[in-house]
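Student:
Residue numbers (the numbering used here), protein chains in the order written: chain A, 1 to 289; chain B, 1001 to 1265.
(1) Please list the terminal residues of the continuous beta strand (DSSP E) segment that includes residue 1231/B.
(2) Judging by CA-CA distance, which residue of 43/A, 37/A, 50/A and 63/A is the nearest neighbour of residue 208/A?
(3) If you count every other CB in all the chains shown that lies within 10 Å of the CB of residue 195/A, and 16 or more means buried, which is it?
(4) Would DSSP call residue 1177/B helix, strand or coil?
(5) Residue 1031/B bridges to which residues according to DSSP?
(6) What residue ranges within the segment 1057-1095 of chain B form continuous beta strand (DSSP E) runs of no fewer than 3 residues, ordered along the chain?
(7) The segment 169-197 of chain A: which residues have C-beta closer than 8 Å to a C-beta of chain B, in chain order?
(8) Can you check whether the CB of residue 1226/B is closer than 7 Å to the CB of residue 1181/B?
(9) Starting from residue 1007/B, follow the beta strand (DSSP E) in both directions and report where the run begins and ends.
(10) Select from the segment 1056-1075 of chain B all residues with a C-beta closer than 7 Å to any C-beta belonging to chain A, and list them in chain order.
(11) When DSSP builds the beta bridges, which residues end up paired with residue 1150/B?
(12) In the DSSP assignment, find the alpha helix (DSSP H) that holds residue 128/A and state where it starts and stops.
(13) For residue 138/A, which beta-bridge partners are listed by DSSP?
(14) Using only alpha-carbon positions, find the residue among 1041/B, 1145/B, 1080/B and 1070/B that is nearest to residue 1091/B.
(15) Any idea which residues DSSP pairs residue 1055/B with across the strands?
(16) Taking residue 1245/B as the query, report the chain A residues whose CB atoms sit under 9 Å from its CB, ordered along the chain.
(17) Is residue 213/A helix, strand or coil by DSSP?
(18) Buried or exposed: where does residue 141/A fall if 16 or more other Cβ atoms within 10 Å of its Cβ makes it buried?
(19) Contact defined as beta carbons within less than 8 Å: I believe residue 1029/B pairs with residue 1192/B. What is the distance between those atoms, to the nearest angstrom?
(20) Output the boundary residues of the beta strand (DSSP E) element that contains residue 1015/B.
(21) Compare the C-beta of residue 1106/B with all C-beta atoms of chain A and state if any pair is closer than 7 Å.
(22) Under 9 Å Cβ-Cβ, which residues of chain A neighbour residue 1162/B?
(23) Strictly below 8 Å CB to CB, what residues from chain A border residue 1089/B?
(24) Below 7 Å between beta carbons: does that hold for residue 1142/B and residue 1093/B?
(25) Between the alpha carbons of residue 1027/B and residue 168/A, how many angstroms are there, rounded?
(26) Between residue 198/A and residue 235/A, which are expected to be in contact by the criterion C-beta below 8 Å, what is the C-beta distance as a whole number of angstroms?
(27) What would DSSP say about residue 1160/B, mapped onto helix, strand or coil?
(28) If you follow the alpha helix (DSSP H) that residue 13/A is in, where does it begin and where does it stop?
(29) Confirm the yes/no value for this check: CB of residue 1047/B, any heavy atom of the ligand ADP, distance under 6 Å.
(30) Let me check understanding here. Comparing Cα to Cα, which of 241/A, 200/A, 232/A and 258/A lies closest to residue 73/A?
(31) Run down chain A in chain order and give the residues with a C-beta less than 7 Å from the C-beta of residue 1086/B.
(32) Taking only three categories from DSSP, how would you classify residue 1172/B?
(33) Quick check: what's the CA-CA separation for residue 1171/B versus residue 176/A?
(34) Since residue 1145/B meets chain A, which of its residues come closer than 9 Å, beta carbon to beta carbon?
(35) Give the range of the alpha helix (DSSP H) segment to which residue 69/A is assigned.
(36) Looking only at C-alpha atoms, which of 220/A, 192/A and 203/A sits nearest to residue 88/A?
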């Protein structure tokens, strides 16, 4: 009985972590699908989004929720800027060069965050939240809001990808690049949009992560590994697979703490990622996702 | 419609296409045949702008299009399909056709947000066009199927459908019959004939199926080792000694449809 309660409680944490990972993984997956490289600066893009949101709150005094749109605008602009300054110039070289420069970009973004905001720890709100109790299970209100926000963001993205022309053009480009170019899909505009969306989603993950815990300059970098694990599990290049991948990794990481030290959580994500890469490098889902 | 004028292309020391000239006449279905490695696909790639010729000129309705990029040609009305059909496999058949027409309001990010009305009207117009194309090709029943799940023949029809979504009137078909089962082969060739007869499309097609060639094409051009070795109606081509030699080292150019199973290749 006690085990069941623990399991339920950890599942709630897992879903919350999973929804944060999902937002990051969708961005990583979309960028890989269209630009064909693993974007290592994605974690630090999350950090940028979280800090921009924080500063927006500090400057305006608006309620905590405003950190989300503000952070999204900030990170989307940063992503686009980085692409124009760095990635665009080397796009026609080998993917490995893009990958290494994104690694460098990660370090640069993190240093900029430290330079502007300093190394200290911030949090969005100092209020102490009273958890809700349902039987033996406790639910922190913030967790509900985090999940709700993630669901809304993913739903909006889904509508964009399936209902709008540019959304379809994005899917077409990640599906079959050659055909997309021959049919005159505006590649450059799709790439810009990919960075805007990837950046906004990263900021979503960053802000929600900041609400769940605190803001530190390494918050995004630390979560990058599980984000990649989620993207790979769902089949990299497939945004819909990333949703399931994020949830599975999030749940696995939290539930694993029943058996092992919580500090080994990221190792669980890593083990799953390596296992998937060995057994099913195309991701665990077949076909459409 | 399309004039190929003394076009040559070499890869390393190999002359893939050597001084080839012929015309793809408007409103006709021109055939291009030849043994494997004759340079047919390279010639298609040269015309469609995927590679640049070393020498020679290609014109489309009098306008020089030598070395133009594929998407420019696409919007000028010249399209090339591939031997292995290309499709957006994780999108539905309907979506595959919807993404084709470019330059619409929905593509401009600002308009997409502020001019919903216009974007919607345009989307509706495209959807109508898509349904019309699906009807014409008789693949309406798979409209909501993922394109990756279609059979080889249905993918070829989708290729044709994609060209129908554009203002394209000249289409280069690379082996429209390859990998298509017998039933659908009739549909594919029927669609080509109707597009040609009813809608005035100009086709040039590479094909190994001699029955399909003689059913559809006039005139037929024959390439071997990068050069054009014969041109004329299929009836004459069959009697041509050079062609026989190129194909079978002196043997006869035969039909082999009778001996073949349902699915080719």
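Cβ coordinates follow ideal geometry from the N, Cα and C atoms, glycine included.
Tutor: Based on what the coordinates show:
(1) 1227-1232
(2) 50/A
(3) buried
(4) coil
(5) 1205/B and 1220/B
(6) 1078-1080
(7) 169, 171, 172, 175, 176, 178, 179, 180, 181, 182, 183, 184, 185, 186, 189 and 193
(8) no
(9) 1002-1011
(10) 1070, 1071, 1074 and 1075
(11) Bridge partners of residue 1150/B: none, in fact.
(12) Unbroken run through residue 128/A: none, as it is neither H nor E.
(13) 133/A
(14) 1145/B
(15) 1008/B
(16) Those do not exist, as residue 1245/B stays about 36 Å from chain A at its closest Cβ, beyond 9 Å.
(17) coil
(18) exposed
(19) 7 Å
(20) 1014-1024
(21) Residue placement at residue 1106/B is poorly supported in this model, since its pLDDT is 49, which falls under 50; the coordinates are not used for a value here.
(22) 179 and 183
(23) 175 and 176
(24) yes
(25) 34 Å
(26) About 17 Å separates the two Cβ atoms, so there is no contact after all.
(27) helix
(28) 2-35
(29) No copy of the ligand ADP occurs in the structure displayed, which carries no ligand at all.
(30) 200/A
(31) 176, 178 and 179
(32) strand
(33) 21 Å
(34) Neighbours of residue 1145/B on chain A: none; closest Cβ ~11 Å, over 9 Å.
(35) 67-85
(36) 192/A
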